[in-house]
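Asks: Residue numbers (the numbering used here): 302 to 926.
No residue lacks a Cβ here, since even glycine has one placed at the ideal position from N, Cα and C.
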């Protein structure tokens with residue numbers, strides 16, 4: 302048995318010993334004597350008798366250890382043409398001062414602070430400042446619509462909101478202050494104060510409840526770290542909901558710190574002094590975990606990037622960042638690579654930069670199709686590691702643990718469950734299915750540290766949403782199968798499995814086939830209602846840059862390809878060539894929204910949408926107008 306097998310078995314057979322061992326990599330104010338409190342399932346609590354401060358672990362302890370001059374955070378902003386490096390000592394001092402600002406505004410342990418900021422260093426500073434004084438932050442993606450921001454303000458009930466005058470999306474400057482003002486007007490809860498970071502691209506008009514960031518920091522008394530119980534909430538992160546009240550995922554400080562600290566060297570092969578570039582946003586869980594907390598907990602250098610994979614100004618920005626900052630591991634979403642592949646199919650931009658420091662590419666956030674994995678692997682000549690996790694889990698469930706043992710890569714699979722994650726595939730009756738058979742992907746309870754202990758002020762919804770479908774298991778909402786080697790294949794959300802004339806088919810499988818066509822940059826398949834067959838699949842493809850094809854001819858090739866590889870039962874007869882697919886800002890294709898529109902429903906537009914214009918342009922095609 303290999304090294305991975307030994308580590309995984311230890312985590313399953315002796316979770317108490319395994320996680321108490323992992324907890325030794327963290328500084329504790331009061332060290333935990335036990336790992337898990339399982340007295341009230343499914344409300345499990347990790348390190349219940351421990352006390353710590355996550356900000357101390359992310360910053361102060363590295364400075365105390367004599368590594369204050371090492372780069373902690375590199376801000377790289379092609380949209381403003383600026384770069385800035387913060388050492389661990391500098392970042393600690395900035396965070397301590399802003400923590401003093403919050404404390405001066407009356408924020409203390411357990412109080413909530415909503416952070417509504419673009420991808421600037423102040424976003425990480427505000428998050429860490431909350432952690433420093435035991436406050437609970439809730440980051441809302443900068444530029445979110447006022448109605449959605451208002452809903453989150455009403456649920457979290459923050460005493461302070463931290464925002465900026467504007468954000469920059471590609472070439473557009475988006476003023477945040479009017480959006481925030483409108484949100485507070487819509488909300489029933491009124492925060493006492495709003496701290497506003499003025500940016501030169503658009504200055505905000507200040508009101509009586511507004512505090513200027515720079516002025517406040519200049520006069521603030523730095524705040525010390527406040528030790529809190531490991532089970533205290535560190536943050537609330539709302540999952541995107543199209544209607545109704547969004548789910549506020551709660552993250553505890555102790556379990557999260559231990560899990561993230563363990564994951565950096567073992568999953569991402571990043572140690573103290575190494576540089577990781579996570580091309581995401583702090584509004585998402587990936588940004589929380591692998592831009593801010595995990596790299597700093599590990600004493601690594603993290604790159605905070607304000608820009609896009611393409612268009613700011615070109616498709617070579619990721620390679621420029623990797624070259625300039627000596628990036629060892631790059632983490633982004635598959636959609637970013639499909640965008641790069643669409644603009645630069647031959648990878649010419651990689652030859653303009655020295656990316657010899659880059660050793661690993663990690664992709665997550667949506668299903669990684671084998672064609673994108675193949676393209677990236679051939680382009681870079683390094684391991685391209687697909688991994689799978691969720692907002693709720695806080696860190697990867699299934700991955701290739703490069704720092705323990707790089708397992709053979711199987712395209713289409715994020716590899717095997719990481720230590721602590723007992724992943725199973727069940728049929729509707731709750732019984733395990735044979736290898737190779739699709740079913741509901743679940744995790745046997747208890748889940749490891751770092752995963753959500755509950756939802757904010759809503760234990761009932763936590764149980765109903767995740768714990769009630771199969772007794773003793775967490776329902777991931779994804780479907781797929783395990784192969785005979787224990788590799789997991791995630792084929793998409795369970796509602797992306799369609800029923801064609803009694804045959805259950807995965808739209809992910811059909812997308813895999815369409816994506817393999819040499820002219821296709823990206824694609825989506827949805828199931829639409831059909832009077833005869835119940836549902837039939839419809840495909841939508843975006844072509845690579847510079848490709849010009851007769852649509853009828855291409856459509857025939859794609860239909861035949863699916864027929865050859867999936868079978869006639871797939872019944873895919875409709876494929877439309879479209880300029881772009883509607884996505885969330887984190888890169889997920891809005892298949893459910895597309896399906897609703899195609900079925901003639903009055904489908905609400907998700908708050909997380911990247912571009913309403915893309916969806917509006919697609920509506921006539923979906924409705925066959």
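Bridge partners of residue 378, per DSSP?
Replies: 383, per the DSSP bridge assignment.
Asks: Please go through the same chain and pick out, in chain order, the residues whose beta-carbon is closer than 6 Å to the beta-carbon of residue 543, but skip the five residues on each side of it.
Replies: Residue placement at residue 543 is poorly supported in this model, since its pLDDT is 42, which falls under 50; the coordinates are not used for a value here.
Asks: Considering Cα atoms alone, identify which of 470, 558, 480, 371 is closest to residue 930.
Replies: The structure shown has nothing for residue 930, since the chain only spans 302 to 926.
Asks: Contact check, residue 453 vs residue 349 under 8 Å by CB: the rounded distance?
Replies: That belief does not hold up - the Cβ atoms of residue 453 and residue 349 are roughly 29 Å apart, past 8 Å.
Asks: When the cut-off is 9 Å and only beta carbons count, does residue 336 lie next to chain B?
Replies: Any reference to chain B falls outside this structure, which holds one protein chain only.
Asks: Please classify residue 887: does DSSP put it in a helix, a strand, or coil?
Replies: Of the three classes helix, strand and coil, the one that applies to residue 887 here is coil, per DSSP.
Asks: Tell me the DSSP bridge mates of residue 840?
Replies: 826, 876.
Asks: Mapping DSSP to helix, strand and coil, what is residue 371?
Replies: DSSP places residue 371 in coil when its eight states are reduced to three.
Asks: Using CA coordinates, which residue listed in 376, 806, 393 is at the minimum distance from residue 385?
Replies: When each option's Cα is compared against that of residue 385, the closest is 376.
Asks: Is it true that the CB of residue 811 sits closer than 9 Å to the CB of residue 863?
Replies: For residue 863 and residue 811, yes; Cβs fall inside 9 Å.
Asks: Relative to the C-alpha of residue 436, which candidate in 553, 642, 329 has its C-alpha closest?
Replies: Among 553, 642, 329, the Cα nearest to that of residue 436 is on 553.
Asks: Give every residue of the same chain whose Cβ lies closer than 7 Å to the Cβ of residue 302, excluding the five residues on either side of it in the sequence, and list them in chain order.
Replies: Legend: pLDDT at residue 302 = 49, less than 50; position of this residue unreliable, no value from coordinates given.
Asks: How close, in whole Å, do the beta carbons of residue 263 and residue 359 come, if the pair is a contact with beta carbons under 8 Å?
Replies: Since the first residue of the chain shown is 302 and the last is 926, residue 263 is not available in this structure.
Asks: What is the DSSP secondary structure of residue 653, counted as helix, strand or coil?
Replies: In the structure shown, residue 653 sits in a helix (DSSP, three-state: H, G or I).
Asks: Compute the minimum distance between the beta carbon of residue 432 and the heavy atoms of the ligand GDP, and state whether it is under 8 Å.
Replies: Annotation note on the ligand GDP: not contained in the displayed structure, which lists no ligands.
Asks: Look up residue 613 in the DSSP assignment and say whether it is helix, strand or coil.
Replies: Note: residue 613 maps to coil in three-state DSSP.
Asks: For residue 590, I'd like the list of residues in its chain whose CB is within less than 7 Å of its CB, leaving aside the five on either flank, ordered along the chain.
Replies: The residues are 561, 695, 696.
Asks: Using DSSP bridges, identify the partner residues of residue 346.
Replies: 338.
Asks: Starting from residue 812, trace the alpha helix (DSSP H) in both directions and tell me its first and last residue.
Replies: Residue 812 -> alpha helix (DSSP H) spans 808 to 816.
Asks: So the alpha helix (DSSP H) residue 739 belongs to, where does it begin and stop?
Replies: Residue 739 -> no alpha helix (DSSP H), and no H or E assigned at all.
Asks: At what residues does the alpha helix (DSSP H) containing residue 439 begin and finish?
Replies: Residue 439 -> not in any alpha helix (DSSP H); beta strand (DSSP E) instead, spanning 437 to 440.
Asks: Inspect the beta-carbon positions of residue 922 and residue 877 and report whether they are closer than 9 Å.
Replies: In this structure, residue 877 lies closer than 9 Å to residue 922 by Cβ.
Asks: Give the DSSP-derived three-state secondary structure of residue 768 in the structure shown.
Replies: Of the three classes helix, strand and coil, the one that applies to residue 768 here is helix, per DSSP.
Asks: DSSP on residue 578, reduced to helix/strand/coil?
Replies: Of the three classes helix, strand and coil, the one that applies to residue 578 here is strand, per DSSP.
Asks: From the DSSP secondary-structure annotation, give me the bridge partner or partners of residue 686.
Replies: Paired residues: 663.
Asks: Over the uninterrupted beta strand (DSSP E) stretch that includes residue 467, give me the two end residues.
Replies: Counting along the chain, the beta strand (DSSP E) containing residue 467 begins and ends at 467 to 470.
Asks: By the three-class DSSP mapping on this structure, what secondary structure does residue 420 have?
Replies: It is coil, neither helix nor strand.
Asks: Using only CA atoms, which one of 399, 419, 390 lies nearest to residue 381?
Replies: It is 419 whose Cα lies nearest to the Cα of residue 381.
Asks: How far does the beta strand (DSSP E) with residue 775 in it extend, from its first residue to its last?
Replies: From DSSP, the beta strand (DSSP E) with residue 775 extends over 774 to 783.
Asks: Short of 8 Å in beta carbon distance, which residues of its chain neighbour residue 924, apart from the five on each side in sequence? Order them along the chain.
Replies: The answer, listed in chain order, is 898, 899, 901.
Asks: Does DSSP classify residue 327 as helix, strand or coil?
Replies: Three-state result, residue 327: coil.
Asks: Across which residues does DSSP place residue 787 in a beta bridge pair?
Replies: None; residue 787 has no bridge partner.
Asks: Please confirm whether residue 312 and residue 749 have their CB atoms less than 9 Å apart.
Replies: In contact: residue 312 and residue 749 (Cβ atoms closer than 9 Å).
Asks: On a Cα-Cα basis, can you pick out the residue from 517, 556, 469 that is closest to residue 747?
Replies: Ranking the options by Cα distance to residue 747, first place goes to 556.
Asks: Report yes if the CB atom of residue 631 is closer than 9 Å to the CB atom of residue 578, and no otherwise.
Replies: Contact: yes.
Asks: Report yes or no: do the segment 878 to 887 and the segment 910 to 919 share at least 3 C-beta pairs separated by less than 8 Å?
Replies: With the cut-off at 8 Å, the segment 878 to 887 and the segment 910 to 919 touch.
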